[in-house]
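Student: Here it is, the structure, as structure tokens.
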Amino acid sequence: MFDWFISLSTENKIEIISMLATSITSIISIFIAVATLKQSNKIQKESNRPYIAISLNYIHISKRNKYIIVKNYGNTAGIIKSISFSKKLGFEIDRFNEPFANIANTVLAPNQAITTYVEFEPNSKPIEVTITYTSFCETFTEKYTLNPAFSSDLVSKKHTVNSYSNTENLILNTTEEFIRSQY
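Okay, so the sequence shown: first residue is 537 according to my numbering, each after it adds one.
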């Protein structure tokens with residue numbers, strides 16, 4: 537089968553082997569370039585998409601007020617399609633029993649956040665939240681668990697300066713809480 541190869545001169549054998557090695561190296565290089573390009577596109581696509589998350593935070597001025605925060609941590613705008621909760625949430629004003637009910641088709645720019653006040657029953661169990669949003673014809677669905685008891689064992693120090701009026705003490709505590717919330 538390889539008799540023709542054996543009959544070639546050494547110089548011709550070296551040329552054929554050299555051409556084969558060059559061809560194989562070129563083919564491997566093409567496969568590596570295509571794989572690298574696909575990986576690069578995937579990384580670029582992931583880094584330039586919206587990442588909309590839902591979380592809880594609190595502000596403690598005279599009492600602990602909890603807020604649900606919907607924020608876009610990504611690099612491009614996202615269009616919220618829906619937000620659903622595993623159970624109803626309580627609010628002081630009864631007509632707001634369904635937070636984010638009218639949020640469909642709301643655009644969240646990068647680093648933009650929407651917040652809403654919420655009250656939880658004492659010893660509330662974690663709540664499952666599902667958010668669906670789109671960007672550039674691609675749909676994303678994220679699921680989060682919100683733990684209403686997250687702040688129950690956190691300590692906040694409130695200052696009262698006796699020489700200050702109630703308003704001055706409120707301003708002092710509000711300023712401290714604002715600074716705390718920026719971390």
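All C-beta atoms in this analysis are idealised placements derived from N, C-alpha and C, irrespective of residue type, glycine included.
State buried or exposed for residue 669, treating a residue as buried only when at least 16 other CB atoms are found within 10 Å of its CB.
Tutor: Indexing the sequence shown from 1 puts residue 669 at position 133. When all chains shown are included, residue 669 counts as buried.
Student: Quick check: is any heavy atom of the ligand GTP less than 7 Å from the C-beta of residue 558?
Tutor: No copy of the ligand GTP occurs in the structure displayed, which carries no ligand at all.
Student: Please classify residue 602 as buried or exposed, where buried requires at least 16 neighbouring CB atoms within 10 angstroms.
Tutor: By 1-based counting over the sequence shown, the position of residue 602 is 66. Burial call: buried.
Student: Who does residue 676 pair with in a DSSP beta bridge?
Tutor: Taking the sequence shown and counting its residues from 1, the one referred to as residue 676 is at position 140. In the DSSP output, where bridge partners are listed per residue, residue 676 has 669.
Student: Just to confirm, are residue 612 and residue 635 a CB contact at a threshold of 8 Å?
Tutor: The sequence position of residue 612 within the sequence shown is 76, counting from 1. The sequence position of residue 635 within the sequence shown is 99, counting from 1. Cβ distance not < 8 Å, so residue 612 and residue 635 don't count as in contact.
Student: Quick check on residue 647: buried or exposed, where buried means 16 or more other Cβ atoms within 10 Å of its Cβ?
Tutor: As a working mapping, residue 647 is identified with position 111 in the sequence shown. So residue 647 counts as exposed.
Student: Would you tell me roughly how many angstroms separate the C-alpha atoms of residue 643 and residue 556, rounded to the nearest one?
Tutor: One-based indexing of the sequence shown puts residue 643 at position 107. One-based indexing of the sequence shown puts residue 556 at position 20. Each residue's Cα considered, the two are about 56 Å apart.
Student: Relative to the alpha-carbon of residue 720, which residue among 550, 585, 657, 675 has its alpha-carbon at the smallest distance?
Tutor: One cannot answer for residue 720 here, as it falls past the ends of the chain, which runs 537 to 719.
Student: For residue 604, count the other beta carbons within 10 Å of its own beta carbon; 16 or more makes it buried, fewer makes it exposed. Which is it?
Tutor: Residue mapping note: residue 604 aligns to position 68 of the sequence shown, counting from 1. It counts as buried.
Student: Taking the beta carbon of residue 573 as the centre, do at least 16 other beta carbons fall within 10 Å, making it buried, or is it exposed?
Tutor: For the purposes of this step, residue 573 is identified with residue 37 of the sequence shown, where counting begins at 1. Looking at its Cβ environment, which holds fewer than 16 other Cβ atoms inside 10 Å, residue 573 is exposed.
Student: Considering only the beta carbon of each residue, do residue 589 and residue 655 sit closer than 8 Å?
Tutor: Counting from 1 along the sequence shown, the entry for residue 589 is found at position 53. Counting from 1 along the sequence shown, the entry for residue 655 is found at position 119. Cβ distance not < 8 Å, so residue 589 and residue 655 don't count as in contact.
Student: Return the CA-CA distance between residue 658 and residue 689, expressed in angstroms with no decimal places.
Tutor: By one-based count along the sequence shown, residue 658 stands at place 122. By one-based count along the sequence shown, residue 689 stands at place 153. Their backbone Cα atoms lie some 13 Å apart in a straight line.
Student: What do you get for residue 699, buried or exposed, if any count of 16 or more other CB atoms within 10 angstroms of its CB means buried?
Tutor: On the sequence shown, position 163 is the one that residue 699 refers to. Exposed: under 16 other Cβ atoms inside 10 Å.
Student: Using three-state DSSP, classify residue 608 as helix, strand or coil.
Tutor: Here the question's residue 608 lines up with position 72 in the sequence shown. Looking at residue 608 - three-state DSSP - the assignment turns out to be strand.
Student: Taking residue 672 as the reference, give the member of 625, 584, 539 with the closest Cα.
Tutor: In the sequence shown, counting from the first residue as 1, residue 672 sits at position 136. Among 625, 584, 539, the Cα nearest to that of residue 672 is on 584.
Student: Just to confirm, is the Cβ distance from residue 619 to residue 663 under 8 Å?
Tutor: Position 83 of the sequence shown holds residue 619. Position 127 of the sequence shown holds residue 663. Taking 8 Å as the Cβ cut-off, residue 619 and residue 663 do not qualify as a contacting pair.
Student: On the premise that residue 680 lies in contact with residue 697, defined as a C-beta separation below 8 Å, what is that separation, rounded to the nearest angstrom?
Tutor: One-based indexing of the sequence shown puts residue 697 at position 161. One-based indexing of the sequence shown puts residue 680 at position 144. Actually they are not in contact, since the Cβ atoms of residue 697 and residue 680 sit about 40 Å apart, beyond 8 Å.
Student: Note the first and the last residue of the continuous beta strand (DSSP E) segment covering residue 557.
Tutor: Indexing the sequence shown from 1 puts residue 557 at position 21. Careful: residue 557 lies outside any beta strand (DSSP E), inside the alpha helix (DSSP H) at 546–583.
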